[in-house]
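Numbering (full-length UniProt numbering), first residue to last: 1 to 489.
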Amino acid sequence: IRFQIVICYYRKMLNFFIIILKLILIKELITPQKNFLCASEKIRLKRSVATGERSLLWNDGIIPYKIDDSFSGLHRKFIRKVMQKWEKSTCIQFVDRNDTIHQDYLALIHPDSRRCHTAIGKSYSGRNELYLGKGCLNQRNILHELGHVIGFHHEHNRPDRDQYVNIKMENVKSGSEGNFEKLSPEEITTLNQKYDYNSIMHYRRYEFSSDQSKDTIVPLQIENNEIDEIGTLTELSDIDIIATNLLYRCLECGKTLQDPEGTFGTAVDANASPTSKKYCQWRISASHGERIVLYITSLNIIESSPKCQTDYLQITDGYSTINPLLASICGKHRIVDPIISSGNRMLITYRTDHFNEMYNGFTARYNKICGGDIKIENENQNYYLESPNYPSLYEDNKKCVWHLISPLNRKISIKFNYFKLEESLNCENDFVEIKNGDNSNLSSVGTYCGKNSPGEVISEGNKLIIKFVSDHEIQGNGFSAIITMVKSN
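In structure tokens:
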């Protein structure tokens, strides 16, 4: 009898553990799995060198994003400027999320802690989170974390890292050992690039040290016996840029153009054969509230097919080839009329199988204009308005007038989250002026300059006029505002 009691006891215990195991397995199946390590309260916990999984890359290098309201206007401005550094030298584009067309996007969150982490690449369908806590809002850390979003691990996790650094595991604080693991060639790719001590993705010497006087990563001797301090540079390295362009298969010619105006085009190669191929893209970006004006100053593209289907210059009204086409041209003639975007992005694509001295492509120039109608049509969508050249200094001698229009039974809210213009007596130099109504029936809301932000303004009806003026002297930091539709009482 005693033996039977013991058997029954262990059978009950076994059944209990089986139930617990089933519950754990069910939880594992229904719980989304994060692709990042849990960060300490200090700084990031990620790796660099590129992911080996192409499914983690953002489609065409386009990263839709949304910055949480917990960030101040100054923080948002700074994040935008850092994003531009990745954009300028690669084909990566950070674009404002449109809820109706961007299912997968990056959500930037400002926690009330020192957390600074994200997943590698586009790890989830839908929302991908990037946490930038206190102490993370500097250029190096933001560049670094955006590198993870793009798809990079940490440099010291490369399979060949032992040739370049010595990991001092005895100095790593307890619980942080996983940050120093060496990954296999199946998990990552080095893109055939040499180890980069200067990478924005490299740890500092004392990262996660139990005692900051003791190194956790020691660079090994290299040529000329000189090694720069690792993990401290605040700009992208040359290899960071090369690796990004390789990872996303960016075209070899073309670039991102961010200046207020400029020229670009195809360069003639005297050694090119009559059937030399060329495939290039130029991306022009402006601030919200600006539009891009493109002038084709010369055109010499072979007409090898009807409607310029194989050899062409295409101008797209937006950041992607899926956006509306403004023009598709070829031949040899002068284009007199300018091509104007409807928004703040334009994509120029040049493709030919016959690039040579006879058919040498095109040249173009561009500038940006401000003002015009902004139609607020979706009450669940944020719209944006910024000073010309934002987040950089606004230009002098600018005059912009925007007409904000919503449906008749709706009002307009415009909330300024950043505002810093030149200070002047009675705002007679640089200013923002806000008026209710349209040109036939106006009432003044106010005129603002310096740091005297309008805050949030709600229209009396369904129309608002926003006017920005700068003189020829002092250039300020500008303004940024979020526009939404609100219901009438």
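Yeah, the Cβ is synthetic: ideal placement off N, Cα and C, and Gly gets one too.
Best match in the options for proximity to residue i [C-alpha to C-alpha]
| i | options | result |
| --- | --- | --- |
| residue 198 | 215, 185, 164 and 180 | 164 |
| residue 118 | 111, 130 and 108 | 130 |
| residue 246 | 210, 189 and 283 | 189 |
| residue 342 | 317, 399 and 75 | 317 |
| residue 461 | 423, 409 and 240 | 409 |
| residue 236 | 84, 279 and 347 | 84 |
| residue 176 | 489, 208 and 444 | 208 |
| residue 454 | 476, 443 and 481 | 481 |
| residue 348 | 366, 333 and 315 | 315 |
| residue 365 | 291, 359, 459 and 262 | 262 |
| residue 77 | 400, 404 and 385 | 385 |
| residue 475 | 424, 213, 489 and 241 | 424 |
| residue 265 | 242, 427, 363 and 113 | 363 |
| residue 60 | 206, 90, 161 and 185 | 90 |
| residue 66 | 427, 260 and 128 | 128 |
| residue 284 | 253, 426, 346 and 311 | 346 |
| residue 260 | 291, 240 and 254 | 291 |
| residue 320 | 92, 54, 432 and 206 | 92 |
| residue 393 | 344, 478 and 241 | 478 |
| residue 403 | 360, 439, 215 and 456 | 439 |
| residue 426 | 441, 448 and 443 | 448 |
Environment of residue i [buried if 16+ CB atoms lie within 10 Å]
| i | result |
| --- | --- |
| residue 244 | buried |
| residue 356 | buried |
| residue 155 | buried |
| residue 286 | buried |
| residue 391 | buried |
| residue 451 | exposed |
| residue 378 | exposed |
| residue 50 | buried |
| residue 297 | exposed |
| residue 281 | buried |
| residue 48 | A caution first: residue 48 carries a pLDDT of 42, below 50, which makes its placement in the model too unreliable to give a value. |
| residue 322 | exposed |
| residue 473 | exposed |
| residue 420 | buried |
Beta-carbon proximity check, residue i vs residue j, cutoff 7 Å
| i | j | result |
| --- | --- | --- |
| residue 256 | residue 88 | yes |
| residue 483 | residue 418 | no |
| residue 293 | residue 340 | yes |
| residue 172 | residue 106 | no |
| residue 406 | residue 376 | yes |
| residue 94 | residue 120 | no |
| residue 231 | residue 203 | yes |
| residue 68 | residue 108 | yes |
| residue 166 | residue 218 | yes |
| residue 71 | residue 110 | yes |
| residue 279 | residue 251 | yes |
| residue 370 | residue 289 | yes |
| residue 465 | residue 435 | yes |
| residue 57 | residue 126 | no |
| residue 399 | residue 388 | no |
| residue 534 | residue 200 | An answer regarding residue 534 cannot be provided, because it is not within the stretch 1 to 489 covered by the chain. |
| residue 470 | residue 373 | no |
| residue 300 | residue 332 | yes |
| residue 52 | residue 181 | no |
| residue 132 | residue 82 | no |
| residue 488 | residue 415 | no |
| residue 467 | residue 401 | yes |
For residue i, the three-state DSSP class (helix, strand or coil)
| i | result |
| --- | --- |
| residue 438 | strand |
| residue 426 | helix |
| residue 490 | Because the chain here runs from 1 to 489, residue 490 falls outside it and cannot be looked at. |
| residue 400 | strand |
| residue 178 | helix |
| residue 40 | Note that residue 40 scores 34 on pLDDT, short of 50, meaning its location in the model is unreliable and no value can be drawn from it. |
| residue 370 | strand |
| residue 169 | helix |
| residue 201 | coil |
| residue 459 | coil |
| residue 494 | The displayed coordinates of the chain run from 1 to 489. Any statement about residue 494 would go beyond what the structure contains. |
| residue 450 | coil |
| residue 470 | coil |
| residue 375 | strand |
| residue 464 | strand |
| residue 208 | coil |
| residue 484 | strand |
| residue 417 | strand |
| residue 183 | coil |
Subject >> Length at least 4, wholly inside the stretch 46-97: the alpha helix (DSSP H) runs in chain order >> reply: 73-89
Original post:
Taking only runs of the beta strand (DSSP E) that begin and end inside the stretch 217-260, which ones reach a length of at least 3 residues, in chain order?
Top reply: 217-219
**OP:** Entirely within the stretch 103-167 and at least 4 residues each: give me those alpha helix (DSSP H) ranges in chain order.
**Re:** 139-150
**OP:** List in chain order: all unbroken alpha helix (DSSP H) runs of 4+ residues lying wholly within the UniProt domain "CUB" (253-369).
**Re:** none
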